[in-house]
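J.: Below you'll find the structure I mean.
Numbering (our numbering), first residue to last: 1185 to 1420.
Structure (structure tokens):
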């Protein structure tokens, strides 16, 4: 997972996520409703691990995943559980932000989660040693990029292009936000690719969640197969 943006426009929250993965890992299912711990959760599924990179609970809580914590790390040969399964462990709890404090992450690869819960925004970070919970301003717009796939320069360029887009397109729609994320696929410079279309890692899909007062929408765009899916739900 490469980049997540959070936009709050007059109380309507739009969270959009690029999924960058090895092209050999294309076994995914479009978002649908699953039951975890008696709780309805909507998400696209990675059929290889059974986990997900973007999930929405029936109460409107949204949890998204970025690979990597504070800085780049070298992967180990063995990890106890997929990070995508950790997402499901948290989202299926009554309060993911509180469950984070008790979550056992021993032998789990570093990751970052963006959590929108009860109209509050949090960044949850596991660096392989220490867990962090950072409360953010949910009234402002944000963008995050994976430290694994993007160096500091790349992350800064993505952030700059994001805020330029918002300034240049003040009446932006959800579709325009998704198209902005899609642009990262071609957003290159002569010396440094902004998107990591290197080795076998490419942008596979874009997932977008829109949360209003009592209604939610999940939009999914499979870039490799050029397929789109849309689901709606009522949250309490």
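We put the CB at the ideal spot given by N, CA and C, even for glycine. Since the model is a prediction, treat every value here as computed from it, not as a measurement.
Taking 8 Å as the threshold (C-beta atoms), are residue 1331 and residue 1235 in contact?
T.: It is not a contact, given that the beta carbons lie outside the stated cut-off.
J.: Exposed or buried, residue 1403, counting other C-beta atoms within 10 Å across all chains shown (16 or more means buried)?
T.: Counting Cβ neighbours within 10 Å, residue 1403 comes out buried, since at least 16 surround it.
J.: Tell me which same chain residues have a C-beta within less than 6 Å of the C-beta of residue 1190, skipping the five on either side of it?
T.: Counting only Cβ-Cβ distances below 6 Å, and skipping sequence neighbours, we find 1199 and 1326.
J.: What is the rounded straight-line gap between the Cα of residue 1301 and the Cα of residue 1408?
T.: Roughly 31 Å separates the two Cα atoms.
J.: What runs of the beta strand (DSSP E), each 3 residues or longer, lie entirely inside the region 1274-1318?
T.: You should have 1295-1301 and 1304-1310.
J.: Could you say if the region 1342-1349 and the region 1309-1323 meet the contact criterion of at least three C-beta pairs nearer than 8 Å?
T.: Short answer: they don't touch.
J.: Tell me whether residue 1245 is buried or exposed, calling it buried when 16 or more other Cβ atoms sit within 10 Å of its Cβ.
T.: Residue 1245 comes out buried.
J.: For residue 1264, which option in 1289, 1277, 1276 and 1273 has the closest C-alpha, if you only look at C-alpha atoms?
T.: It is 1289 whose Cα lies nearest to the Cα of residue 1264.
J.: Taking all protein chains shown into account, decide if residue 1203 is buried (16 or more other Cβ within 10 angstroms of its Cβ) or exposed.
T.: So residue 1203 counts as buried.
J.: Under the rule that 16 or more other beta-carbon atoms within 10 Å means buried, what is residue 1315, buried or exposed?
T.: Classification of residue 1315: exposed, given that the 10 Å Cβ count is below 16.
J.: Measure the alpha-carbon distance for residue 1418 versus residue 1399 and round it to whole angstroms.
T.: C-alpha separation (whole angstroms): 5 Å.
J.: List the residues that DSSP assigns as beta-bridge partners of residue 1414.
T.: Looking at the DSSP assignment, residue 1414 forms a beta bridge with 1403.
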